[in-house]
Every structure is written in C-alpha cells, then in structure tokens.
Amino acid sequence: MKEEVDQWFQLNMVSNSTSTATTTLHHCERWLPPENGVIKCNVHANWRNPYLHSGVAWIAKDHNGNVTHHARDAIVHAPNRFIAELRCIIFAMTSLSDLRISRVIISSDYTEVIEAIKCPLQWPRHRGLLQQVLRLKEKFQVITFDSEKVTANGVARDIARSVLRDGRFQSYLAMGGPSWLHDRIAREQH
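Every letter in the sequence shown is one number past the one before it in UniProt numbering, and letter 110, counting from 1, is 110.
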C-alpha cells in the first residue's frame, strides 16, 4: 500500500526543475521545423500484433531541417500499438538524453499517446510506462510533445517499417539520416 501511495504522490508531484512539459496539437500535412536551438524528434512504432516484433524508430532534425541523428530498434512483448508507441518515445527520450540534447520536441502521429503523456492520471493502466516518461522529462531543459498528421511523420514511419519489412532487428543510433531516404529528407527541408 505504501508503494501505491508513493507512486500516486510521484505522479501528482509538481516538478521544481526548469523542465517544461507541454503538449500542442499540430494539424499540418507536412513536416514543420522547430525554432532555432530546439531539436524536433519524430517517432513511430510499427506494430502488427502482440506476438511479433515491433519496429520502432526516431529521427531528429534541427531548425533548418537537417537530420542530426536517427535510430531504429526492434522490440518484443508489445500487446498493442499504444504500448509500442510509448516504448518508442522512451527509446527516443533515453537516446536524446544520452546525446546531451536538452531542448527537444517529441512528435508522434498517435494522438492518444501524446494525450496520455499530457494527462497520465487518466491512463492508470499504463502508469508504469508513463512514469518512465515522467522521470525522463526531468533530464531535459525543455521538452514538448506534439501530435502530427501521418503525412508529417512519414520519414519516421518509413524507418520503423523497415525493421519488420527488411528484417533489420539490430538496434542502432547514427548521425545524419538513412541514405535510402536522403531524397525524401531533402524534399522536406524546402
């Protein structure tokens, strides 16, 4: 019972850090750059069913649309897309923190996950994963969570899809964007 009480207080505690966590909804059909000094990280989980791997990926770009990093991984034991997407966001946040990126926008086309991060108490079933997001938020100076249209999140979706489609189960993090999406990334810059 004490553990439950401690978890409740942790979820309801107002942070004293300089971290900012907000959620805004964007309804633009194409990728929009962040403000100068902020990295925008698009994420996506390619989930098919609870018995197979899911592909997760993220791609980070600066205010000019230049790709700073991207990553992909295969995860198991994701009973639904919601959990796969939350785990993808945790993967991206952990990586960005490890890279010492402190000002970031996390963007997903899965609106319900963004809303769960915004109001975790309304999603008690996913408390454990949402607590991980809450703890990771503290590692950032500024962090914002945005919902985007599927068309604005296309590159992250393609990278995540490649995990299952091409059997690329090896996790990696790389500077720049994937060479096979170079032309598409360049088109998004304009």
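Glycine is no exception: its CB is placed at the ideal position from the N, C-alpha and C atoms.
Problem set entry | Identity of the residues DSSP links to R103 by a beta bridge | As a first step, residue 103 must be located in the sequence shown, where it is residue number 103. Note: R103 is bridge-paired with V142 in the DSSP secondary-structure output.
Exercise. Got a sec? Which residues, its chain only, sit under 6 angstroms from Y110 by beta carbon, not counting five neighbours each side?
Worked result: Translated into positions along the sequence shown, residue 110 becomes position 110. These residues qualify, in order along the chain: E85.
For this session: Find out if the Cβ-Cβ distance for the pair L145, I117 is shorter than 9 angstroms.
Result: Position 145 of the sequence shown, counted from the first residue, corresponds to residue 145. Position 117 of the sequence shown, counted from the first residue, corresponds to residue 117. A small fix is needed here, since residue 145 is Phe in this sequence, not Leu. Their beta carbons are under 9 angstroms apart, which means F145 touches I117 by this criterion.
Exercise. What whole-angstrom Cβ distance do V150 and N46 have, given they're in contact under 8 angstroms?
Worked result: For the purposes of this step, residue 150 is taken as residue 150 along the sequence shown, with counting starting at 1. For the purposes of this step, residue 46 is taken as residue 46 along the sequence shown, with counting starting at 1. About 13 angstroms separates the two Cβ atoms, so there is no contact after all.
Exercise. When you compare only the Cα positions, how much space is there between V133 and R87?
Worked result: As a position in the sequence shown, residue 133 is number 133, starting the count at 1. As a position in the sequence shown, residue 87 is number 87, starting the count at 1. For V133 and R87, the distance between alpha carbons rounds to 9 angstroms.
Exercise. Going by alpha carbons, who is nearest to G55 out of D98, K137, I89 and T94?
Worked result: If you number the sequence shown from 1, residue 55 lands on position 55. Distance from the Cα of G55 is smallest, within the candidate group D98, K137, I89 and T94, for I89.
Exercise. In the DSSP assignment, what residue or residues form a beta bridge with K40?
Worked result: Within the sequence shown, the letter at position 40 stands for residue 40. Per the DSSP secondary-structure output, K40 pairs in a beta bridge with K61 and I105.
Problem set entry | DSSP beta-bridge partners of V163 | Position 163 of the sequence shown, counted from the first residue, corresponds to residue 163. Per DSSP, none; premise fails for V163.
For this session: Starting from T151, follow the beta strand (DSSP E) in both directions and report where the run begins and ends.
Result: Mapped onto the sequence shown, residue 151 falls at position 151. Taken as a continuous stretch (DSSP letters only), T151 belongs to no beta strand (DSSP E), as it is neither H nor E.
Exercise. In the structure shown, what three-state DSSP assignment does S171 receive?
Worked result: One-based indexing of the sequence shown puts residue 171 at position 171. Reduced to three states, the DSSP call for S171 is coil.
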